[in-house]
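Numbering (this note's numbering), first residue to last: 2 to 487. By construction, the Cβ of each residue, glycine as well, lies at the ideal position given by its N, Cα and C atoms. In what follows, a single structure is set out as structure tokens and then discussed.
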């Protein structure tokens with residue numbers, strides 16, 4: 002029997018390998034960032050049960066992330082890479098699902114097949130979180146897996162796929178509670194799929210009732226697990242760090258701006274790109290309504306309708322949550338999951354267009370491929386991540402201080418810092434990586450009376466210290482400065 006090698010899989014395999022290489026290099030080389038400190042050093046000190054019950058009220062405890070980091074430290078010790086390893090591994094799950102998703106639903110035409118990989122993998126903002134000790138990369142990997150099994154359930158009518166879709170949605174929410182809105186919407190989609198089977202396959206009402214009851218019981222048990230952390234955060238108003246300026250401004254515009262990653266496209270502002278996203282959303286919404294009007298409940302075997310309904314339900318859940326519970330809109334990294342949620346029906350929409358206008362679908366696919374490759378190659382930053390850009394120079398500062406110490410035969414060097422930078426440096430002092438550094442404890446305000454040897458600040462703190470310090474290192478034209486006492 003002659004085996005035929007599928008040459009078309011080589012480009013996506015190379016793309017996945019390249020993105021994985023970038024993630025690993027950044028996980029090794031990018032300094033520990035502000036919000037990673039607690040995930041890497043604080044929460045792993047608690048037991049698994051304590052982590053699950055939330056030892057404090059801060060939303061920075063992404064439970065599954067904290068548990069896996071604790072396990073990684075136990076097995077491999079504590080380094081920047083080992084605390085980030087769980088999310089690096091989660092990229093393998095994310096990429097494997099994208100691979101299966103493309104091979105199952107987008108084998109033809111080849112150009113659209115390639116566009117699937119580009120769309121899911123070439124967002125530099127999303128890539129960042131697979132190399133950080135936070136729960137956002139992990140939660141997105143679980144979410145895309147849940148979506149995949151939901152599609153399998155809608156396509157093949159297998160209850161095992163339905164159960165796996167529910168399970169991975171629960172894992173996504175437990176890795177990052179902002180995904181609870183996805184978990185709720187996924188349950189709604191699963192019920193619609195079960196109802197469609199009842200109508201099209203004449204399943205008895207008793208069987209449908211039992212299936213829905215099983216979902217309700219599972220969801221209730223998961224709600225019990227989540228109650229304590231959610232109650233602690235809600236009752237202590239831990240959401241004051243975000244804003245409530247409307248879904249478009251806080252969520253859509255924020256996600257578009259971050260996904261651009263600082264790349265300028267002919268001076269076009271992010272608000273116009275956001276308007277294009279809204280226009281695409283409205284177009285897909287109208288297409289879904291036409292399909293539902295034509296096919297009624299049997300339409301929930303249509304994968305475009307299933308994926309768009311998932312996006313729509315998640316948005317509605319989000320808006321209802323902001324109205325009833327008075328939580329702010331998701332923004333920045335908390336809104337990140339809307340990217341793969343939007344991309345999935347968008348790709349199925351292009352597949353629909355191919356049926357009627359194949360040249361248009363081909364042209365759009367080539368455009369996505371070209372723009373995706375250009376964008377990720379232009380936006381790529383190997384020494385920083387967008388969300389915590391200000392921590393990119395920690396290693397440079399440490400190297401300078403260590404060289405100064407050795408040159409002047411000092412056993413230790415004193416360093417005071419702005420509150421922005423302190424957690425990053427604290428990671429290295431508390432893990433014994435820089436035993437020679439005498440770091441001032443965290444404090445919110447600039448100490449204008451400080452007499453430590455060195456002070457690392459943002460540029461707007463310079464006026465408070467210029468009488469006592471001189472700059473010795475400047476970054477980004479003085480946006481961040483290392484000062485030495487006069």
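Item to check | Inter-residue Cα distance where the pair is residue 43 and residue 129 | outcome: Rounded to the nearest angstrom, the two C-alpha atoms are 22 Å apart.
Checklist entry - Would a C-beta distance cut-off of 9 Å place residue 455 and residue 417 closer than the cut-off? => result Yes, Cβ-Cβ distance for residue 455 and residue 417 is below 9 Å.
Item to check | Closest Cα partner of residue 156 within the set 101, 301 and 424 | outcome: For the residues 101, 301 and 424, the minimum Cα distance to residue 156 belongs to 301.
Checklist entry - Which whole-angstrom value describes the C-beta separation of residue 362 and residue 374, a residue pair presumed to lie in contact below a C-beta threshold of 8 Å? => result Between residue 374 and residue 362 the Cβ distance is about 19 Å, and since that is not below 8 Å, they are no contact.
Checklist entry - Within 10 angstroms of its Cβ, does residue 467 collect 16 or more other Cβ (buried), or is it exposed? => result By the neighbour-count rule (16 or more Cβ atoms within 10 Å), residue 467 is not buried but exposed.
Item to check | residue 71: first and last residue of the uninterrupted alpha helix (DSSP H) it sits in | outcome: 64 to 77 is the span of the alpha helix (DSSP H), which, as asked, contains residue 71.
Checklist entry - If you draw a straight line from the C-alpha of residue 70 to the C-alpha of residue 296, how long is it? => result Answer to the nearest angstrom: the Cα atoms are 48 Å apart.
Checklist entry - Should residue 356 be labelled buried (16 or more other beta-carbon atoms within 10 Å of its own) or exposed? => result It is exposed - the Cβ of residue 356 has fewer than 16 other Cβ atoms within 10 Å.
Item to check | C-alpha distance - residue 109 paired with residue 371, whole-angstrom precision | outcome: Distance between the alpha carbons of residue 109 and residue 371 is about 19 Å.
Checklist entry - What's the gap between the Cα of residue 384 and the Cα of residue 30? => result Rounded to the nearest angstrom, the two C-alpha atoms are 7 Å apart.
Next on the checklist: Going by the DSSP bridge assignment, what does residue 482 pair with across the sheet?
Outcome noted: DSSP, once it has assigned bridges, lists 458 and 475 as partnering residue 482.
Next on the checklist: Could you tell me the alpha carbon to alpha carbon distance between residue 285 and residue 159, rounded to whole angstroms?
Outcome noted: If I take the Cα positions, the gap works out to 27 Å.
Item to check | Nearest-angstrom Cβ-Cβ length linking residue 147 and residue 187, presumed shorter than 8 Å | outcome: 6 Å between Cβ atoms; contact.
Checklist entry - Is residue 20 buried or exposed, if buried means 16 or more other CB atoms sit within 10 Å of its CB? => result It counts as buried.
Item to check | From 376, 470 and 22, residue whose alpha carbon lies closest to that of residue 120 | outcome: Ranking 376, 470 and 22 by Cα distance to residue 120 puts 376 first.
Next on the checklist: Give me, in chain order, the residues of the same chain whose beta-carbon lies closer than 8 Å to that of residue 227; leave out the 5 immediate sequence neighbours on both sides.
Outcome noted: Result list for residue 227: 174, 175, 178 and 181, in chain order.
Checklist entry - Helix, strand or coil: how does DSSP classify residue 315 here? => result In the structure shown, residue 315 sits in a helix (DSSP, three-state: H, G or I).
Item to check | Where the beta strand (DSSP E) through residue 83 begins and ends | outcome: From DSSP, residue 83 is part of no beta strand (DSSP E) but of the alpha helix (DSSP H) over 81 to 106.
Checklist entry - On the three-state DSSP scale, how would you describe residue 156? => result DSSP places residue 156 in the helix class (H, G or I) of the three-state scheme.
Item to check | Close-in-space but distant-in-sequence residues of the same chain around residue 462 (CB under 7 Å, 5 per side omitted) | outcome: For residue 462, where only same-chain residues beyond five positions count, the Cβ hits under 7 Å are 419 and 447.
Checklist entry - Between which two residues does the alpha helix (DSSP H) containing residue 438 stretch? => result Residue range 438 to 440 is occupied by the beta strand (DSSP E) that includes residue 438, with no alpha helix (DSSP H) assigned at that position.
Checklist entry - For the putative contact between residue 117 and residue 102, defined by C-beta atoms under 8 Å, what is the C-beta separation to the nearest angstrom? => result With 8 Å as the limit, residue 117 and residue 102 qualify as a contact, their Cβ atoms being about 7 Å apart.
Checklist entry - Would the beta-carbon of residue 380 fall within 9 Å of that of residue 262? => result Yes; because the gap between Cβ atoms is below 9 Å, this pair is in contact.
Next on the checklist: Between the alpha carbons of residue 114 and residue 338, how many angstroms are there, rounded?
Outcome noted: Distance between the alpha carbons of residue 114 and residue 338 is about 22 Å.
Item to check | Stretch pair the region 386 to 393 + the region 271 to 284: three plus CB contacts closer than 8 Å | outcome: Output reads no: the region 271 to 284 does not touch the region 386 to 393.
Item to check | Range of the contiguous alpha helix (DSSP H) that encloses residue 283 | outcome: Note, residue 283: alpha helix (DSSP H), 271 to 296.
Next on the checklist: So the candidates are 336, 330 and 51; which of them puts its Cα closest to the Cα of residue 256?
Outcome noted: If we check each option's Cα against that of residue 256, 336 comes out closest.
Checklist entry - Cβ-heavy atom distance between residue 210 and the ligand ATP below 8 Å? => result Looking for the ligand ATP in the displayed structure turns up nothing, as the structure carries no ligands at all.
Next on the checklist: Tell me the residue span of the beta strand (DSSP E) that contains residue 418.
Outcome noted: Where residue 418 is concerned, the enclosing beta strand (DSSP E) stretches over 414 to 418.
Item to check | From 333, 482 and 323, residue whose alpha carbon lies closest to that of residue 459 | outcome: When only C-alpha atoms are compared, the closest one is 482.
Checklist entry - Does the Cβ of residue 442 have 16 or more other Cβ atoms within 10 Å, making it buried, or fewer, making it exposed? => result Answer is exposed; the Cβ neighbour count stays below 16.
Checklist entry - If you drop the 5 nearest sequence neighbours on each side, which residues of the same chain put their C-beta closer than 8 Å to that of residue 427? => result Correct list, in chain order: 38, 42, 440 and 443.
Checklist entry - Excluding sequence positions up to five away, which residues of its chain have a Cβ less than 8 Å from the Cβ of residue 452? => result Closer than 8 Å at the Cβ level, and outside the excluded window around residue 452, lie 469 and 486.
Next on the checklist: For residue 386, tell me which candidate among 406, 32, 50 and 200 has the shortest Cα-Cα distance.
Outcome noted: For residue 386, the nearest C-alpha among the options comes from 32.
Checklist entry - If you count every other CB in all the chains shown that lies within 10 Å of the CB of residue 332, and 16 or more means buried, which is it? => result With 16 or more Cβ atoms within 10 Å of its Cβ, residue 332 is classed as buried.
Next on the checklist: Rounding to the nearest angstrom, what Cα-Cα distance links residue 321 and residue 16 in this structure?
Outcome noted: Straight-line spacing of the CA atoms in residue 321 and residue 16 works out to 39 Å.
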